[in-house]
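Visitor: Each number in our numbering comes from the position in the sequence shown (counting from 1) with 1097 added on. All residues carry an ideal CB built from backbone N, CA and C; glycine is no exception. Encoded as structure tokens, here's the structure I'll be asking about.
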Amino acid sequence: MAQCIFRIKGCLGSKVYSEVPDGGWGWIVAVAVAFFLVEVFTYGVIKSFGIFLKDLMSDFGESNSRVSWIISICVFVMTFTAPLSSVLSNRFGFQPVVMFGGFLISLGTISTAFTSSINQMYLTIGIVTGLGYCLTFLPTVTILSQYFNRRRSVVTGESFAIFAFAPAFTALKNLIGWRYTMVVIGTLQGIIIICGALRHPIVIKPKTSPTGAEQKIKCSLPEEQMQGSANSGDSGVQSLDELKQGLKSGKEQREAEPLQISPKQQDVSTKNKLLDLTVLREGSFLCYSGFGLFATLGFFAPQLYVVELSASLGTERDKAAYMLSTMAIAEIFGRLSIRWVLNWGRIRKIFVLLGCVSLMCLVLVLFTVVNGFWGLAVCCVLYGFLLGNIASTHIPMLAEDDVVGIQRMPLAVGVYVCIQSFAGLAGPPLGGVLVDVTQNYRAAFYSCAIGQLCSRRDNGQNNPIVEQVHNCYNNL
1098 MAQCIFRIKG CLGSKVYSEV PDGGWGWIVA VAVAFFLVEV FTYGVIKSFG IFLKDLMSDF
1158 GESNSRVSWI ISICVFVMTF TAPLSSVLSN RFGFQPVVMF GGFLISLGTI STAFTSSINQ
1218 MYLTIGIVTG LGYCLTFLPT VTILSQYFNR RRSVVTGESF AIFAFAPAFT ALKNLIGWRY
1278 TMVVIGTLQG IIIICGALRH PIVIKPKTSP TGAEQKIKCS LPEEQMQGSA NSGDSGVQSL
1338 DELKQGLKSG KEQREAEPLQ ISPKQQDVST KNKLLDLTVL REGSFLCYSG FGLFATLGFF
1398 APQLYVVELS ASLGTERDKA AYMLSTMAIA EIFGRLSIRW VLNWGRIRKI FVLLGCVSLM
1458 CLVLVLFTVV NGFWGLAVCC VLYGFLLGNI ASTHIPMLAE DDVVGIQRMP LAVGVYVCIQ
1518 SFAGLAGPPL GGVLVDVTQN YRAAFYSCAI GQLCSRRDNG QNNPIVEQVH NCYNNL
């Protein structure tokens, strides 16, 4: 019975590893649950929201920019409240935070079916569901980065969800309407609550060789004294003078030894520090955050407007939904291929990321000049492939030693995503305003291309001047 209890505690409690395990329990929980379920019902749903754009515009009589604020507020709340997710995760643990986030997601999505105005959707999907996405997605990404090193780009992603959701939600919407479709989505998102119960955080402690000061002093009587019997003259009982001498020597020994804090006490002290903003003093983190700020401008608007762009060029609306599926398939291959490039090790990872951003900027410009179904399909393939390269690496790359490192990632990811939130808030509405002014959905892709270009210039990881600033920050 006792052995069974210890085994259960070993499965449910945090495990200590000397390095990132890259497998084991990680493949069972992180891949099967986090990859296929948690991210499926977070970013997978967000990126599939474009299929409801026309229905919401006609039902509520609103413009593109007004409807696009739904996703903007959702993404903003999701990313801006990232420090709150870090604080709650460090205070209460990953499991209750993810479970509560799943409850908010399901509640907000189901409540959307009963709204009567866009302003009410700002509250249900924008605030309630957005907060749930934050409490669910960010702890999952943190756990995945703790479990995997070489396979981070594989185990993070929502591409499989978009591939299935775009045509499935379109068919379901045409059958039962967009309101009942929201009820179905919200019900399915309740699975995240079960996923939260399976969160299995670990503790990574590098192996350290014991030093002389850390060696325990073992005090014991000689073996022949311990074996004395009551019948003999030596029964282990010491005289008063011997006891005084022993106490005196023990006192001198304690005064000579320096006061040390055990590793366990240090862990408690670190854990009690719920929010660490010292990463803002690191030049590398500031430059990388600037990159994430502008790169986010091109993450959501293309998925939101590509269906309407395809329909405006003469493609049937049902077939236009397959543009999202095309992006998703290409994104899967992008996530898989970037793994081999990064693990190759001959090219600095930040250079690979900058190259992908430069190519994505060109692809976004191509969206504005191509015509016809197949031209858009080619652009969707290229965009999805590059998006898979960038989206699967830009957050896990915080765990690299040249940014903040794996030890500080749980605290840095909240600050990083919070900085991204402002681009997520401005991206879709900016594209919507351009569409309303020009009456052309191509205009939405110009703002995305400009954002990618700015991120390419702002990421100064390879800039010698920025590296000097980084060294100055570290010397403060």
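When you compare only the Cα positions, how much space is there between G1502 and R1436?
Guide: Locating residue 1502 in the sequence shown gives position 405, counting from the first residue. Locating residue 1436 in the sequence shown gives position 339, counting from the first residue. The straight-line gap from Cα to Cα measures roughly 19 angstroms.
Visitor: Could you tell me the alpha carbon to alpha carbon distance between E1456 and Q1400, rounded to whole angstroms?
Guide: As a working mapping, residue 1456 is identified with position 359 in the sequence shown. As a working mapping, residue 1400 is identified with position 303 in the sequence shown. At residue 1456 the sequence reads Leu, which differs from the Glu that was named. Straight-line Cα distance between these residues: approximately 18 angstroms.
Visitor: Give the secondary structure of V1467 by DSSP, where H, G and I count as helix, E and B as strand, and everything else as coil.
Guide: Residue numbering aside, residue 1467 sits at position 370 when the sequence shown is read from its first letter. The answer is coil: DSSP assigns V1467 none of H, G, I, E or B.
Visitor: For T1212, which three-state DSSP category applies?
Guide: As a first step, residue 1212 is located in the sequence shown; it is residue number 115 there, counting from the start. Three-state result, T1212: coil.
Visitor: Specify whether the stretch 1134-1141 and the stretch 1149-1156 touch according to this definition: at least 3 beta carbon pairs, one from each stretch, less than 8 angstroms apart.
Guide: As far as the Cβ criterion goes, the stretch 1134-1141 does not touch the stretch 1149-1156, which means the pair count is below three.
Visitor: Are the CB atoms of A1417 and F1542 nearer to each other than 9 angstroms?
Guide: Here residue 1417 refers to the residue found at position 320 when the sequence shown is read from its first residue. Here residue 1542 refers to the residue found at position 445 when the sequence shown is read from its first residue. Not a contact, by the Cβ cut-off of 9 angstroms.
Visitor: Do L1377 and F1519 come within 9 angstroms of each other at the CB atom, strictly closer than that value?
Guide: To locate residue 1519, count along the sequence shown from 1; it is residue 422. To locate residue 1377, count along the sequence shown from 1; it is residue 280. No, these two residues do not count as a Cβ contact at 9 angstroms.
Visitor: Could you give the distance in angstroms between the alpha-carbon of V1238 and the alpha-carbon of L1451?
Guide: Here residue 1238 is taken as the residue at index 141 of the sequence shown, counted from 1. Here residue 1451 is taken as the residue at index 354 of the sequence shown, counted from 1. Between V1238 and L1451, the C-alpha separation is close to 22 angstroms.
Visitor: Once you ignore the five residues that flank L1201 on each side, which residues in its own chain have a CB closer than 6 angstroms to its CB?
Guide: One-based indexing of the sequence shown puts residue 1201 at position 104. Only V1225, L1228 and G1229 meet the Cβ criterion.
Visitor: Quick check: V1514 and I1492, are their CB atoms within less than 9 angstroms of each other?
Guide: Within the sequence shown, residue 1514 is the residue found at index 417, counting from 1. Within the sequence shown, residue 1492 is the residue found at index 395, counting from 1. Cβ atoms of V1514 and I1492: closer than 9 angstroms.
Visitor: DSSP state of D1499, grouped into three classes?
Guide: Within the sequence shown, residue 1499 is the residue found at index 402, counting from 1. Residue state, collapsed to three classes: coil.
Visitor: Can you check whether the CB of N1216 is closer than 9 angstroms to the CB of D1533?
Guide: Along the sequence shown, one-based indexing puts residue 1533 at 436. Along the sequence shown, one-based indexing puts residue 1216 at 119. The answer is no: Cβ separation not under 9 angstroms.
Visitor: On a Cα-Cα basis, can you pick out the residue from S1409, F1464 and C1231 that is closest to V1510?
Guide: One-based indexing of the sequence shown puts residue 1510 at position 413. Of S1409, F1464 and C1231, the residue nearest in Cα terms is C1231.
Visitor: Using a threshold of 9 angstroms, state whether the C-beta atoms of G1548 and T1375 are closer than that.
Guide: Along the sequence shown, read from residue 1 onward, the residue named residue 1548 stands at position 451. Along the sequence shown, read from residue 1 onward, the residue named residue 1375 stands at position 278. Cβ atoms of G1548 and T1375: not closer than 9 angstroms.
Visitor: How is the alpha helix (DSSP H) around R1276 delimited, first residue to last?
Guide: Within the sequence shown, the letter at position 179 stands for residue 1276. W1275 to Q1286 is the span of the alpha helix (DSSP H), which, as asked, contains R1276.
Visitor: Rounded to the nearest angstrom, what separates E1428 and L1220 at their Cα positions?
Guide: On the sequence shown, position 331 is the one that residue 1428 refers to. On the sequence shown, position 123 is the one that residue 1220 refers to. Spanning the two alpha carbons is a distance of roughly 31 angstroms.
Visitor: Using a threshold of 9 angstroms, state whether the C-beta atoms of C1458 and G1395 are closer than that.
Guide: Looking up residue 1458 in the sequence shown gives position 361. Looking up residue 1395 in the sequence shown gives position 298. The answer is yes: Cβ separation under 9 angstroms.
Visitor: Are at least three pairs of beta-carbons, each pair with one atom in the stretch 1180-1199 and one in the stretch 1288-1295, less than 8 angstroms apart?
Guide: Yes: at least three Cβ pairs fall under 8 angstroms.
Visitor: Please return the same chain residues whose Cβ sits closer than 6 angstroms to the Cβ of A1210, not counting the five positions on each side in sequence.
Guide: Your numbering for residue 1210 matches position 113 in the sequence shown. Counting only Cβ-Cβ distances below 6 angstroms, and skipping sequence neighbours, we find R1276, M1279 and V1280.
Visitor: Going along the chain, which unbroken runs of the alpha helix (DSSP H) with 4 or more residues stay wholly within the stretch 1139-1225?
Guide: Here the runs fully enclosed are 1140-1144, 1150-1157, 1161-1177, 1179-1189, 1191-1209 and 1215-1218.
Visitor: Are the CB atoms of G1431 and L1495 nearer to each other than 9 angstroms?
Guide: Start at 1 with the first residue of the sequence shown, and residue 1431 comes out as number 334. Start at 1 with the first residue of the sequence shown, and residue 1495 comes out as number 398. Cβ atoms of G1431 and L1495: not closer than 9 angstroms.
Visitor: Please report the residue range of the alpha helix (DSSP H) in which G1529 lies.
Guide: In the sequence shown, residue 1529 corresponds to position 432, counting from 1. Run containing G1529: M1506 to T1535, per the alpha helix (DSSP H) assignment.
Visitor: Contact check, S1155 vs P1526 under 8 angstroms by CB: the rounded distance?
Guide: Counted from its first residue, the sequence shown places residue 1155 at position 58. Counted from its first residue, the sequence shown places residue 1526 at position 429. S1155 to P1526, Cβ: 19 angstroms. No contact.
Visitor: Considering only residues of the same chain and omitting the five flanking positions on each side of V1462, which have a CB-CB separation below 6 angstroms?
Guide: Position 365 of the sequence shown holds residue 1462. Counting only Cβ-Cβ distances below 6 angstroms, and skipping sequence neighbours, we find A1546.
Visitor: Taking 6 angstroms as the limit between beta carbons, can you name the residues of its chain near V1403, skipping five residues before and five after?
Guide: Locating residue 1403 in the sequence shown gives position 306, where the first residue counts as 1. So the list reads M1420, once near-sequence residues are dropped.
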